[in-house]
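Residue numbers (this note's numbering), protein chains in the order written: chain A, 8 to 269; chain B, 8 to 269; chain C, 8 to 269; chain D, 17 to 265; chain E, 17 to 265; chain F, 17 to 265.
Structure first, then comments.
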Amino acid sequence: MSEGVATEILTTHILDLAADGKRLDGRGPDEYRPVSVEPGFVVTADGSALARLGDTAVLAGIKLEPGKPFPDTPNAGVLTTNAELIPLSSPVFEPGPPQPGAIEVSRVVDRAIRAAETIDLTRLVVTPGEKTWVCYVDMHVLDHGGNLIDAASLAALTALTHATVPAKRFEVGESDYPLDVQHFPVECTYVRLGDTIVVDPTFDEEGAAQGRLTVATDETGRVVAMQKGLVGAFSPDDVKEVVRRSFAHGDRLRAIARGSPA
Amino acid sequence: MSEGVATEILTTHILDLAADGKRLDGRGPDEYRPVSVEPGFVVTADGSALARLGDTAVLAGIKLEPGKPFPDTPNAGVLTTNAELIPLSSPVFEPGPPQPGAIEVSRVVDRAIRAAETIDLTRLVVTPGEKTWVCYVDMHVLDHGGNLIDAASLAALTALTHATVPAKRFEVGESDYPLDVQHFPVECTYVRLGDTIVVDPTFDEEGAAQGRLTVATDETGRVVAMQKGLVGAFSPDDVKEVVRRSFAHGDRLRAIARGSPA
Amino acid sequence: MSEGVATEILTTHILDLAADGKRLDGRGPDEYRPVSVEPGFVVTADGSALARLGDTAVLAGIKLEPGKPFPDTPNAGVLTTNAELIPLSSPVFEPGPPQPGAIEVSRVVDRAIRAAETIDLTRLVVTPGEKTWVCYVDMHVLDHGGNLIDAASLAALTALTHATVPAKRFEVGESDYPLDVQHFPVECTYVRLGDTIVVDPTFDEEGAAQGRLTVATDETGRVVAMQKGLVGAFSPDDVKEVVRRSFAHGDRLRAIARGSPA
Amino acid sequence: MGSVGAKEVPVLLSPEGLRIDGRRLDELRPIKIEAGPLHQADGSAFVEWGANKVMAAVYGPREVHPRHLQQNNKAVIQCKYNMAAFSVDERKRPGLDRRSQEISKVIAEAFESVVFAEEFPRTSIDVYIEVLQANAGTRCAGLVAASVALADAGIPMVDLLPAVAVGKVAGRIALDLKKEEDNFGEADLPMALVPQSGRLVLLQMEGHMTPEELSQSLDLGVRGCRDIYEKMKAALRARYSAPSSGGAA
Amino acid sequence: MGSVGAKEVPVLLSPEGLRIDGRRLDELRPIKIEAGPLHQADGSAFVEWGANKVMAAVYGPREVHPRHLQQNNKAVIQCKYNMAAFSVDERKRPGLDRRSQEISKVIAEAFESVVFAEEFPRTSIDVYIEVLQANAGTRCAGLVAASVALADAGIPMVDLLPAVAVGKVAGRIALDLKKEEDNFGEADLPMALVPQSGRLVLLQMEGHMTPEELSQSLDLGVRGCRDIYEKMKAALRARYSAPSSGGAA
Amino acid sequence: MGSVGAKEVPVLLSPEGLRIDGRRLDELRPIKIEAGPLHQADGSAFVEWGANKVMAAVYGPREVHPRHLQQNNKAVIQCKYNMAAFSVDERKRPGLDRRSQEISKVIAEAFESVVFAEEFPRTSIDVYIEVLQANAGTRCAGLVAASVALADAGIPMVDLLPAVAVGKVAGRIALDLKKEEDNFGEADLPMALVPQSGRLVLLQMEGHMTPEELSQSLDLGVRGCRDIYEKMKAALRARYSAPSSGGAA
């Protein structure tokens, strides 16, 4: 039996189950896999967190370094978000330059961080136009069991929340101090399986999906980012329903991330 | 019928016609396709022009930015010429790093611009060794119907002629002013089809050609650049004849480009 | 007869000979091919040498330029070692980014230069933290007859020994002066052919080898670098024996390199 | 969007509820669509939309490059969205950046959702979008141009794909932002609609909106798409009635 | 090693012959090895070794990418050693540098020396090593993790490959240097041992040593490798006795 | 050529009409050509021409890399012209720049014009040119070296390809410019001749010349090429009479 045929049978099975509101791993359509977040996983980083959604594991690390502001925004710090979909984490990733999938993950996480004004970039500036902190958010996918965006975003936001500005090490200030994090956006991803929409898809569910929709919400009741992905379509009413549900998941995931011991 | 066979038949037909001094589109051997030049096509550029030779269309845009002179020429501004043979313009171009063909177009155009001293580079300098205007000439091939060098050069020179130095925007001076263009070199390209030499080759004629020869002349009667390309050979007498003819074409194309409303 | 079969027969033959302490070219197991070193081969370089081991030829060129020290070592000059395994030198090299083999050669040569403190990097500094000489060591393999590391290292060290700091040309000082070279490490490479270990392997011997071991020694009796390469293994006693023998070869090759007329 | 640390915010909405270019909140910028301006491509379109100028070309179905992307049961749809160096105020370095790669991906996925790709197994349908002059909304303009180019190339599709962005300007939901509105606005929500099914195949959002504002934006965007749909069909009708013209880029 | 022009050298060895972390000269840092923590890989291992954290995964035998590397008579073993950007004090730019490429090469050659590659012609065995947190000795930690991951993947091998670095600190030969010792030490000599044959399949050295010191280092390293070998076997036994756990990275 | 904003121009022509190195206007620099100095290549040549040192090697006919360039009816001729980092005064960063790629292209086209490529369908003939020391005229020196290397490799050709540059120095047409003449001269016109047919297969020009000067330059260059042709043939004769030497790069 070729791999293509096996995948097709699995897809059909997932779609059949979904038609009855069921999932391969026994979850309900609106149920996340077990969620855990471990901040401080990497001590060489200025902030870090390992987030897990079921079999999916993403490690985020923060590094802050002095640098120059962009010429057109002399009063704003620099934030750079990068996702590495390393071939260690999945048989489908190959070594080489970042693939479109990795770029999408980093851009969608980046978008939520910026739009939610998670960090007040103006407070990263040391001397306007001259010197600012550059904040690197690096996300390393370790185990790709599906739904990378939610896991990566949870890891990144938790890492930012626990990050320290290394002012002393770089002789910018007298002592290090915590990075000031104003908001905590949470990404929540659904996929369409026939007429059913399910949250937190596994790798196999993503393969069977007819469209993916991610909504990022923050703790103030705002939608801050959205991304439709994969082949497939959503009606405006589908979108509205997904937005509605995202807030409850956002609140719960945010509480898990914040409750984690630093 | 395979593509290779079709191309071969077309090549034979073009060569047979050429032996009688005829061409597929009915032109005479020393006749250009309809020429048009539209300056100001792109308002985001500091200068621009869309040049057409028959089915061939090339858009050139100029951007000027403050930058540093090269260490070994502290009293000269910087000119950078780049041709993008984007896959939109032809089935034969692939995405990726610039191909040898694109590099050749940009280098041959660049060579004519420099050798004709089109722009007095010393006048671009703001502070010797410190600050100068960097002039980017970007040529975007939109429709590749053959003879890219002539079309690209016509677009680039017209764009330069209509360019403005954005001194005010970059706070280098009080107001913007026209770029000072001293000369207007014109490239004129011939290909050899058997014993006949024809001007302004189409894409199919280039495919059938046994050598290509480009001669750039300026309005002061000087030859400023030449490039032999493609597989094939020219006798010294062929070259002298092509040089002789290039001046007349140069004068006509220059007049068309200059006559165009800004 | 396929290329694979021919290689296999050659390998078997080399291993059979080695079992009797013999080699294809008639050398003894611990005998180098004819060695020659020609300093000053390239006058555009600030120092250069062409080294030959039998059919193998490597050209090294030194260039010194003013630059900035690294931020974390403000009192040290910068040394950059690069090997180009250009496709001109062997049917097995392809154009493109440096292959792992080229990187290994440059890193192993670099390691010996640094560990032997060949050059006192602190003496390259012009103004601490601000300005230093950057010393580029470029090794160009011209003919790949095997044992690139030893040939490249011999070329590089000889080139350094004859190098001049171009202080006058860069207006850093009043006159040029010789680069101060404190030590002259020599790399010595063996391969294992069955139970026999032979020095200075040819290209074909490298293909038949079951492990490669390089030991760099300097004139003060120190081991300064080692590198085991290729598939295969060495016992600790093998290693100790190779180290012991490397000193004698080192002394001889150093004398040849130093005896060469500048 | 969110130009932190940038210059002063201009007045984006007049007391009369008109925008900086005099448009109402639900009003599109002028759009001109030309089908088939290019000679080499199998299909092409040129779109002028406000101060955007976008060219699209389609090649295919043809051989797949690189080969390993070939699919046995359908055509692959490859999309390259690219901005000319001179298309923006600050010169853009040639070459694909991450933004272009993301846009290329979501546009390709949008077209895969409507093209009958199974009809052309083992082939590639290549969609090229060149932004020649940019003024906010280029991904939607590119998608509209590419959709007309696909139709011009005779590629069978469920439907054309009109697209538009909705945004939030001075606290109000507004259709089809221009550059100043996008730079200083509070949200940007581009979308592409399958008119036949009423479903969205492209949807992105950045900024901040309440769920109610988002709901209102979706409805406004769908209406905008339907208007653009009419212009796309008109451009194709004009092309078929004057098939051999070509020329005006 | 040889940080020319850097800051002051700390006291690396106490008068009592103890090192900065209280270890004796022939003492290893604490090592924790977990086999099989990853779910997608065919085999995996996580190693905490002093303040190093290294993850390894193995995929294969599987199809060779890129195709032209395929060998008709055996599997090719491809190795990628990579450091996470945040694994070191000074952020490392993502992407392979020359150091990583050299380490990948010598590790791949070490494994080729022990894997029965002829059993899987025309395939690739892909070994990925990710350094998540680095504190000297990462190539040895990576090699140990990869070796356990290969065993976890069921790849037939002559033996496991324990590895350790020996160095020279304040003039004395010492086992398993940590970062400060490596930065200010006089030599670094990483090695990997085939316990069954007593031979070395990885061996590098940088610094300066007399032949006698080098001899002593080899013997000390071989003893260290044999200790690590026991820990590797224990980790695999723990994995087989609790086969379906997974999870704790 | 055209070093705008550079240092002062030296005196390039003496009152007696002699050049800075004492040559007459129509005089070549000294040329030494050695056929077959390399051992691995199928054909090779080393050329010292004034202060230029250029090595060329030819491999093939052999398998085509990358595969998709293969042609069913003839050999492809691939050329890489490369300058060593230390071959020029200002260190050149390793890697192909645009100048090298253009030169590679025109040299490949020149050889395609004379090699009987149809005799070796589905193969590649790879020509590598390494400039080790540069002093103006390297493309011509490289072409001459590569042409001898092709003959040394036994590749069937219409004829050898002598090449030389003509230039304009202090207002006078001069043969074979050296560096100072090239830097401060008014025009540079490299060409390659097929002696048998008297036709040019490489021709470039930069600078300014009247049509009459250009005419004169062509005639002078053709004469120069014919002189170089004799030296090329002599080098090949020397090689054939002492076939097994090799060695002196």
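In this text, a Cβ means the ideal position worked out from N, Cα and C, and glycines have one as well.
According to DSSP, is D/Val217 part of a helix, a strand, or is it coil? strand
Burial state of C/Gly239 (16 or more Cβ within 10 Å): buried
Going along the chain, which residues of its own chain have a beta-carbon closer than 7 Å to the beta-carbon of E/Asp270, five neighbours each way excluded? Outside the shown range of chain E, which is 17 to 265, sits residue 270 of chain E, and nothing can be said about it.
Please return the same chain residues whose Cβ sits closer than 6 Å to the Cβ of D/Gln220, not counting the five positions on each side in sequence. Pro206
With DSSP collapsed to three states, give me the class of D/Phe102. Collapsing the DSSP output to three states places D/Phe102 in coil.
Kindly indicate if chain A contains any beta-carbon less than 8 Å away from that of D/Gly262. Note that D/Gly262 has pLDDT 46, beneath the 50 cutoff, so the model's placement of it is unreliable and the number below is only indicative. Judged by the 8 Å Cβ criterion, D/Gly262 is not in contact with chain A.
Looking at the unbroken beta strand (DSSP E) that takes in D/Ser140, where does it start and where does it end? 140 to 149
In this structure, how does DSSP classify F/Leu252 when only helix, strand and coil are distinguished? Correct three-state label for F/Leu252: helix.
In three-state DSSP terms, what is D/Glu118? helix
Using DSSP with H/G/I as helix, E/B as strand and the rest coil, what is A/Asp150? Correct three-state label for A/Asp150: strand.
Taking 8 Å as the limit between beta carbons, can you name the residues of its chain near F/Ile119, skipping five residues before and five after? By the criterion of a C-beta distance shorter than 8 Å, F/Ile119 is surrounded in its chain by Tyr97, Arg155, Gly158, once the five residues flanking it on both sides are discounted.
Could you tell me the boundaries of the beta strand (DSSP E) in which A/Glu101 lies? Unbroken run through A/Glu101: none, as it is neither H nor E.
Could you spell out where the alpha helix (DSSP H) holding D/Ser163 opens and where it closes? 154 to 168
So, for A/Val116: in the same chain, excluding its five sequence neighbours on each side, which residues have a beta-carbon less than 8 Å away from its beta-carbon? Exclusion of the five residues before and after A/Val116 leaves Thr88, Ala90, Val144, Met146, Ile156, Ala159, Ser160, Ala163, Glu194 as the residues of its chain whose Cβ lies within less than 8 Å of its Cβ.
Would you say the beta carbon of A/Arg34 is closer than 7 Å to some non-hydrogen atom of the ligand SAH? This structure lacks the ligand SAH, and indeed carries no ligand of any kind.
Would you say C/Arg130 reaches chain E, if we count a Cβ-Cβ gap shorter than 8 Å as a contact? no
Could you tell me the alpha carbon to alpha carbon distance between B/Arg199 and B/Leu22, rounded to whole angstroms? 10 Å
Is there a Cβ from chain C that is less than 8 Å from the Cβ of E/Ser291? Within the shown structure, residues of chain E are numbered from 17 to 265, placing residue 291 of chain E beyond reach of any answer.
Using beta-carbon positions only, say whether E/Leu191 and E/Asp37 come within less than 8 Å of one another. When the beta-carbon positions are compared, E/Leu191 and E/Asp37 stay at least 8 Å from each other.
When you compare the CB of E/Glu197 with every CB in chain A, is at least one pair closer than 8 Å? no
F/Gln86 versus B/Asp127 - alpha carbon distance: 46 Å
By the 10 Å Cβ neighbour count, where 16 or more other Cβ atoms means buried, how is F/Gly111 classified, buried or exposed? exposed
At which residues does the beta strand (DSSP E) containing A/Glu38 begin and terminate? For A/Glu38, no beta strand (DSSP E) encloses it, and the DSSP letter there is neither H nor E.
Does any residue of chain B have a CB that is nearer than 8 Å to the CB of F/Glu135? no
Who are the near neighbours of D/Arg255 in its chain, counting only those whose CB is closer than 6 Å to its CB and skipping five residues on each side? Ala51, Gly52
By Cβ distance below 7 Å, which residues in the same chain neighbour C/Phe48 in space, the five residues on each side in sequence not counted? Ser55, Ala56, Leu57, Leu66
Taking three-plus beta-carbon pairs below 8 Å as touching, is the stretch 174 to 194 of chain C in contact with the stretch 204 to 219 of chain C? Contact fails: fewer than three Cβ-Cβ distances are below 8 Å.
Under 8 Å between C-beta atoms, does E/Asp107 make it to chain A? According to the sequence displayed, residue 107 of chain E carries Arg and not Asp. Yes, E/Arg107 counts as interfacial toward chain A.
In terms of alpha-carbon separation, which member of F/Arg115, F/Ala124, F/Gln149 lies closest to F/Val104? Residue F/Gln149 is the option with its Cα nearest to F/Val104.
Which chain A residues sit within Cβ distance under 8 Å of D/Gln86? None at all; the shortest Cβ gap to chain A is about 13 Å.
May I ask you to list the residues that DSSP assigns as paired with B/Gly236? B/Arg219
Do the stretch 250 to 257 of chain B and the stretch 214 to 232 of chain B make contact, defined as three or more Cβ pairs closer than 8 Å? yes
Quick one: what's got a C-beta closer than 8 Å to C/Gly84's C-beta in the same chain, skipping five residues either side? Pro76, Ile126, Leu128, Thr129, Arg130, Leu131, Val132, Thr139, Trp140, Val141, Cys142
Among F/Glu106, F/Ala100, F/Met71, which has the Cα closest to the Cα of B/Asp79? F/Glu106
Can you list, in chain order, the residues of its chain with a C-beta nearer than 6 Å to that of B/Tyr197? Leave out the 5 residues immediately preceding and following it. Ile204, Val206, Leu220, Val249
With DSSP run on the structure shown, which of helix, strand or coil describes E/Ser60? strand
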